[in-house]
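Residue numbers (this note's numbering): 1 to 399. All C-beta atoms in this analysis are idealised placements derived from N, C-alpha and C, irrespective of residue type, glycine included. What follows is a single structure, written as structure tokens, with notes after it.
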Amino acid sequence: MYFTWNILKFITKLLIVSRKGELIVVFESAMLLETIFMQVDIQQVLSLLFYIVFIVFIFYGQRIQMYVMLREVEGSLFKLKYIKDEGRKIAIETIKEIGKPQSDPTARVDRFLEYFTISPQSLDPAGVVWKLEHILDVRDTRFKDEVKLMAPSADETQANNLENTLEAAMALNYIYKVIRHYYLLGKKTLSLYIIMQLQMILPLVMREAEAYASALKAFAYGQPIGDGAGALVAAKLMWGYETRKVPKDCIVATVPIEGRTAFVIKAEGPGGNVGKIGDAIKTIIEENEGKIATIIMIDAAMKLEGEDVGEVAEGVGAAIGGPGVDQFKIEESILKYRIPINAVIIKEDIGDAVSPMRREIFEAADKAIERVKQVILEKTKEGDKVIIAGVGNTIGIGQ
């Protein structure tokens, strides 16, 4: 208060005299100004500033926090747009290079990126799996037809790789549009809760987007990816043995392992393909009239933070991802004949699953084979028949 009073006193005593366009402050006012600043305590200034900031934050703190979060989301959104545009560019260039279309495929690619799939109605769950399978079959056929139109010169393997490339670009496009939607919605409504939730999940979203960006390059060049770990194990086991096709888009080889007859199954490579492992396993079971001692499924699985990439673990159950159709078929078949089912998994991160295969995952395939042989020795006897299914995208992995 004393400081403020002196300032007011100074202003009232300040005399300004104009002479020839110059400002002259009288000596008395100058002396008073010097006295005031000698009496100023820095603590008073800091306290005043603190109270001002405190009052501002009481009334505008939430809004300030909201704008800070919006800026952070906006930065990530720009990065997502760049990743999405790069993905689209890679897809178009790959189609031009491999498919050699007569016209520019850009318009068709843009239309493809906007495709969507509507899940079947599940209010009455009876038969919903078969409805879902039909929808997925229609989707798969539509995608293959579109790829043929865009890339008429591509062979079957290249067409599968292009389909995977376009699906990765589609995923990036969808991620960008969803994040943009909630960003604009939060900005329009100034809802702290929308913006806060968006800002909190952004690190995970960006991680997934970067994984799909890596996948695009892998699919474009036909490189094996981490998700193909199970297919790699099967390929190693069937190497050198005769193979035959089984429904759908899968192959099987009859391999002697530790005195047992093993039917080794994987998706047909080396194009980007996951096949219908459920149909393949069901076919082999029916061919052998259910006389299967055990089924062993090998697949890549999501690791937890703190676990090492390439860790191998074993358990029971149908180790297969996706929408659930194949898992349902496998479980129906093993229930019918009471066949025990075992699982061996190779742990990896979501980024590893769709990125070019890391050395740790490649080397883990040999460890998984040892686990498979150990399960066969422990759970079966000589002369038994077993099914070994390597699950995963077989891009870049032959047979």
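By a C-beta neighbour count over all protein chains shown, 10 Å radius and 16 as the cutoff for buried, is residue i buried or exposed?
{"i": "LEU184", "result": "exposed"}
{"i": "VAL316", "result": "exposed"}
{"i": "GLN399", "result": "buried"}
{"i": "ILE42", "result": "exposed"}
{"i": "VAL344", "result": "buried"}
{"i": "PHE263", "result": "buried"}
{"i": "ARG63", "result": "exposed"}
{"i": "GLN327", "result": "buried"}
{"i": "LEU204", "result": "exposed"}
{"i": "THR283", "result": "buried"}
{"i": "TYR176", "result": "buried"}
{"i": "GLY259", "result": "exposed"}
{"i": "GLY383", "result": "exposed"}
For a test of the three-state rule: what should DSSP assign to residue i, helix, strand or coil?
{"i": "PHE263", "result": "strand"}
{"i": "ARG244", "result": "strand"}
{"i": "ASN342", "result": "strand"}
{"i": "ASP104", "result": "coil"}
{"i": "VAL416", "result": "With the chain running from 1 to 399 in the structure shown, residue 416 is simply not present."}
{"i": "ALA409", "result": "Residue 409 falls outside the range modelled here, since the chain spans only 1 to 399, and no answer is possible."}
{"i": "ALA211", "result": "helix"}
{"i": "ILE118", "result": "coil"}
{"i": "THR294", "result": "strand"}
{"i": "ALA300", "result": "strand"}
{"i": "ILE397", "result": "coil"}
Which whole-angstrom value describes the C-beta separation of residue i and residue j, a residue pair presumed to lie in contact below a C-beta threshold of 8 Å?
{"i": "LEU172", "j": "ALA209", "result": "6 Å"}
{"i": "VAL354", "j": "ASP227", "result": "6 Å"}
{"i": "TYR115", "j": "ALA168", "result": "About 13 Å; that fails the 8 Å criterion."}
{"i": "VAL391", "j": "ALA319", "result": "6 Å"}
{"i": "ILE426", "j": "VAL109", "result": "Residue 426 lies beyond the stretch modelled for the chain, which goes from 1 to 399, so this question has no answer here."}
{"i": "VAL312", "j": "ARG371", "result": "6 Å"}
{"i": "ALA389", "j": "ILE281", "result": "6 Å"}
{"i": "GLU305", "j": "VAL375", "result": "Wrong, their Cβ atoms sit about 28 Å apart, outside the cutoff."}
{"i": "VAL325", "j": "GLY278", "result": "7 Å"}
{"i": "ILE95", "j": "PRO105", "result": "5 Å"}
{"i": "THR294", "j": "VAL386", "result": "5 Å"}
Could you tell me whether any non-hydrogen atom of the ligand GTP is closer than 7 Å to the CB of residue i?
{"i": "PHE143", "result": "The ligand GTP is not among the ligands present in this structure, which contains no ligands whatsoever."}
For the region 313 to 392, which segments carrying the beta strand (DSSP E) assignment without a break, of at least 3 residues, lie completely within its bounds, in sequence order? Listed in chain order, the complete beta strand (DSSP E) runs (minimum 3 residues) inside the region 313 to 392 are 341 to 348 and 385 to 390.
Three Cβ pairs or more, each shorter than 8 Å: is that satisfied between the region 242 to 253 and the region 290 to 310? The region 242 to 253 is not in contact with the region 290 to 310.
Are the region 185 to 196 and the region 145 to 157 in contact at 8 Å, needing three or more beta carbon pairs? Contact between the region 185 to 196 and the region 145 to 157 is absent, because fewer than three Cβ pairs lie under 8 Å.
When you compare the region 230 to 247 with the region 263 to 276, are there three or more beta-carbon pairs, one atom per stretch, that lie closer than 8 Å? Yes, they touch.
Is the number of C-beta pairs between the region 67 to 80 and the region 191 to 204 that are closer than 8 Å three or more? Touching, per the Cβ criterion.
Is there contact between the region 328 to 347 and the region 134 to 146, where contact requires at least three CB pairs shorter than 8 Å? The region 328 to 347 vs the region 134 to 146: no contact.
Evaluate contact between the region 120 to 138 and the region 231 to 240, counting only Cβ atoms and requiring at least three cross-stretch pairs below 8 Å. Because the criterion of three Cβ pairs below 8 Å is not met, the region 120 to 138 and the region 231 to 240 do not touch.
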